[in-house]
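Single-structure report; data block below.
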Amino acid sequence: MVSLRVNGKNYSVDVPNDVPLLWVLRDHLKLTGTKYSCGIGECGSCTVHIDGKARRSCSIAVGDVQGKKITTIEGLPKDHPVKRAWIQEQVPQCGYCQPGHIMQVSALISEAKNPDPDKIIAAMDEMLCRCGSYPRIKRGIKTAVEIVRKEGKRS
Amino acid sequence: MKSSISRRDFLKGSLAAAGLTIGASLTPFGAKLLSGAEMKNGFKPTVWYEITPDNIVTVWIPSSEMGQGIRTTLAMIVADELEADWKEIRVQQAPAGDAFKNPLVRDQLTVASASVRGYYEPLRKAGAAGRMVLVKAAAKQWKVAEDECLAQKGIVTHKKSGRKLTYGKLCEKAAALQVPQEPVLKKESEFTYIGKSIPRVDIPEKVAGAAVYGMDVAVPGMLYASTARPPAFGAKPVGYDEQAATAVKGVRNVVGTPFGIGVCADSLDAAWKGRDSLKVRWDKGSLPDLNNDSIEKHFMEELDKPGSKVKDAGDAKQALAAAAKKVEAVYFVPAVAHTTMEPMNCTVHVQKDRCDVWAPTQGPLVAKMVASQVAGMPADKVYIHTTLLGCGLGRRAAPDFIVEGVILSKAAGKPVKVVWSREEDIKHDLFRPATCQRITAGLDAGGRLTAWSHKVVTPSLMKDIDPKAVVNGVDFMSLWGLADFPGSPDNNNIAYEIPNFYLEFLIDDLPIPGAPWRSVQNAPNAFVTESFIDELAFAAGKDPLAFRLELLKNNMRASRVLEKAAEKAGWGKAASQGRALGIAQHSCFGTYVAEVADISVNRKDGVIKVHKIVVAVDCGPVVNPGPLHAQIEGGVIMGLSTALKEQVKFADGGVKSANFNDYHLLKMSETPEIEIHVIDSKEKMGGMGEPPVPPVAPAVANAFFNATGVRIRRLPLDPATVMEAIREKA
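Chains as they are written, first to last, in the working numbering: chain A, 9 to 163; chain B, 344 to 1073.
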């Protein structure tokens, strides 16, 4: 049995400790917003927050995150600046990789003392999007940072 | 705005209990519009919407949503002609049905950049017919003349008295009326939604993480499946340890399939562990020594063998002999992979009397046909539930993963979800085929192009899709960009007027599976022709833009996009230090595109930095500019990714590339500024999913030549290739 705290809720799941967190989120907790794409931490589609840091859930064994605070795309508030910016800038195309991008950007914004769009953009090369939504992701990042500067941060 | 997957079987008549439903049936004479009552009598509509007493207008979307925003764009067309209130529009994914075929591709296939241009007219007519019937119903109720009534934003108003009735109030009465067969369409100046950027209906759920892709489907009691696949093309299993697989906790079935050995289990983790425990031993396959070098050598040898004549206009041989100057070049473009971010997957439940398929597919009718064959039941017992697609790119028009799902569910006797790993997705992709081409061209003393003789070696794409379409050794789909099927409305031909033109094609027969890949062979073929045109301009001592325009005198649309892109990019002005421009144009799927790449080259490490791409397009009228621009951005980025980075690696008779750590895609920092100019055009509507891709690679290669004086005749223009080319020149 593995005990997990995801999006503020506690779960116990009967899975081997070595199963990647990604599959436990998706197939056991039915939190399918976190996506599988590469399985080796190369594309970032599976990004979640673990204790506030952006992490690749495909490459983390579920046994290693017991007792940690896990947040998925579903747990990020609907009115979170990054989610709002993504809608405002019409960022997604197919959208499959976007939860990962949103989780990456939201972690980078909350970690930074004074979020700087250019610094965040520079940290996005760990992520992939096959549709080529990069120009809009950049715009989304700028808009999200503007919202944060105006309204203050939120987790 | 909410969209969802429809699991309702509404071809069987489970329509809204009351309300107005409009469809259209395609007849040999064009579209016949049908009322709800008629459709229940067995007519199969192509394009539908339904108005219910709650004022909601539900539009059924026949195309697959794979990021192009089609659910929004098609709904806008209906809403505009219907005079509906956008806030009351809902979208539903249509099921698989002949009635939903796109008239342009004659199938329910989201391919060939055909959705908007194919459904535009039928949807306008359907919307207009509904508006007219609603007005008629209101006029009848008020006992006034129809021309005293105005339909606007979901309400019919009697202009003199100010009386109003909503569409919801009118829909039941309207359903009983005759639908006009030749509805009066709005004037373009009267459009309320068409031509304006409307936010996409699918974006909020995608941002929330609530959107359902094939990968997210869950059916009660389902098993997960994974297949051990051959490591080499044509390899057959020699033996495997079934006991070791079944010993893994949670493994339920081990099933031999034409694709390999499938393992069904209670969880994906167990299915993958079971698959690995099989330790399948394979034979060496059909060409055990196949690798990138052997492939290229094979193509080069094929280039000297006789092929089939495709086009022979004038006398290229004679004109070449008479030419003042001859230019000859050989080009090679390697195979590339689709790598949709969502790997191939589907969920299938075969039962005694029905088969349900939940799949991210571009071709629901193809899926229905193959599922029917494999499940062994009539097509009307097969239900295709098209989910959202995590990219399509052409890969998802093929039904291989659906066949796999049906076989496994049938064998397991349970619903089965097949999930391909990224490694399977790359190694078992149906690749954009490699191509090798030689062109010999002649210039007269004035530097005018007089002759063009062109030999193409590449696999046939149609042989797996529709073998009958390969006639006398010619597969036009593999030649798109050079020559199109006779009578094709898409005009995927070489655009230049060349007086003596000869085109020959040899179908390559290497056992590497292929499939259409965004823009099909327009992209590799345009890389060859648009690079070579620059070579000719250089040989003629002419400006590449001027040289092109001379050959496009009678092609207004191609000329004006070239002129626009050149003007906006500052073509002909002195480039800034270390920078160079390159230009290319290509038209396909009815749309004309020109691009200018602005690059610099690091001669120490061979990295090409693309600073900016200026794009000019003429696609005729535009329905939803926001997603259109996104398609252009995405197409340019995908084109640039193949120009600079992508190439499938083959070894030991199979595919060596496996994941994103050895098959590299373009990243954000490598993405240039993209400046887009859409010509305000009244010409025929073209597609936009694919046309932005082909000009990218030749524009970059031409810029590279202008920067360095070195011509690279292969892709990708990666650092190793660039360094080698620079060294050779020195």
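All C-beta atoms in this analysis are idealised placements derived from N, C-alpha and C, irrespective of residue type, glycine included.
- Chain A has a Cβ within less than 7 Å of the Cβ of A973(B).
- Annotation for I58(A): the continuous beta strand (DSSP E) segment containing it runs 55-58.
- Per DSSP, the unbroken alpha helix (DSSP H) holding P465(B) starts and ends at 458-485.
- The three-state secondary structure of R1054(B), taken from DSSP, is coil.
- Using a CB distance cut-off of 7 Å, L136(A) counts as an interface residue toward chain B.
- Between E989(B) and P1059(B), the CB-CB gap stays under 7 Å.
- Cβ-Cβ distances below 6 Å link K579(B) to D626 in the same chain, with the five nearest sequence neighbours on each side left out; the list follows chain order.
- The C-beta distance from E1018(B) to V957(B) rounds to 5 Å, short enough to meet the 8 Å contact threshold.
- Note on E431(B): 16 or more other CB atoms within 10 angstroms of its CB, so buried under the neighbour-count rule.
- Around S141(A), the beta-carbon contacts reaching into chain B at under 9 Å are G410, A973, E976, G977, I980.
- Residue pairing by DSSP puts Q436(B) in a beta bridge opposite I404(B).
- At a cut-off of 7 Å between beta-carbon atoms, T151(A) makes no contact with chain B.
- For E82(A), at least one C-beta of chain B is nearer than 7 Å to its own C-beta.
- In this structure, the beta-carbon distance from P856(B) to L773(B) falls below 7 Å.
- Here DSSP, grouped into helix, strand and coil, assigns E1033(B) to coil.
- For D35(A), the C-beta contacts it makes with chain B under 7 Å involve S610, L611, in order along the chain.
- If you draw a straight line from the Cα of T453(B) to the Cα of C137(A), it comes to about 21 Å.
- From the beta-carbon of D133(A), the residues of chain B found nearer than 9 Å are K1010, M1011, S1012, E1013.
- The Cβ atoms of P686(B) and R765(B) lie closer than 7 Å to each other.
- S540, P542, R543, D545, I546, P547, E548, K549, V550, A551, G552, A553, A554: these are the residues of the stretch 520-554 of chain B whose beta carbon lies less than 9 Å from some beta carbon of chain A, given in chain order.
- With respect to N865(B), N835(B) sits close: the two C-beta atoms are nearer than 7 Å.
- K150(A): member of the alpha helix (DSSP H) spanning 142-159, first to last residue.
- Put simply, the CB of T682(B) is near chain A, with a gap under 7 Å to one of its CB atoms.
- Around the beta carbon of M475(B), 16 or more other beta carbons lie within 10 angstroms, which makes this residue buried.
- Each of H728(B), D852(B), Q524(B) was checked against the Cα of A561(B), and the nearest Cα belongs to H728(B).
- Membership of N868(B) in the alpha helix (DSSP H) is indicated by the continuous run 865-883.
- At the C-beta level, S803(B) and S831(B) stay beyond 7 Å of one another.
- Less than 7 Å separates the beta-carbon of K757(B) from that of L566(B).
- Annotation: the continuous alpha helix (DSSP H) that includes D743(B) extends over 743-755.
- The beta carbon of G461(B) sits closer than 8 Å to the beta carbons of N445, P446, L447, V448 from its chain, once the five residues preceding and following it are set aside; these are given in chain order.
- Using beta-carbon distances, F744(B) does not count as an interface residue toward chain A, since no partner is under 7 Å.
- Taking C-alpha positions only, K955(B) is separated from V939(B) by approximately 8 Å.
- Taking a cut-off of 8 Å for Cβ pairs, the stretch 774-784 of chain B and the stretch 634-646 of chain B touch, as three or more such pairs fall below it.
- Less than 7 Å divides the Cβ of D833(B) from the Cβ of G933(B).
- Contact annotation for T40(A) against chain B: D559 [CB-CB distance below 7 Å, chain order].
- Listed by position along chain A, the residues whose Cβ is nearer than 8 Å to that of I404(B) form an empty set, because the closest Cβ is around 15 Å away.
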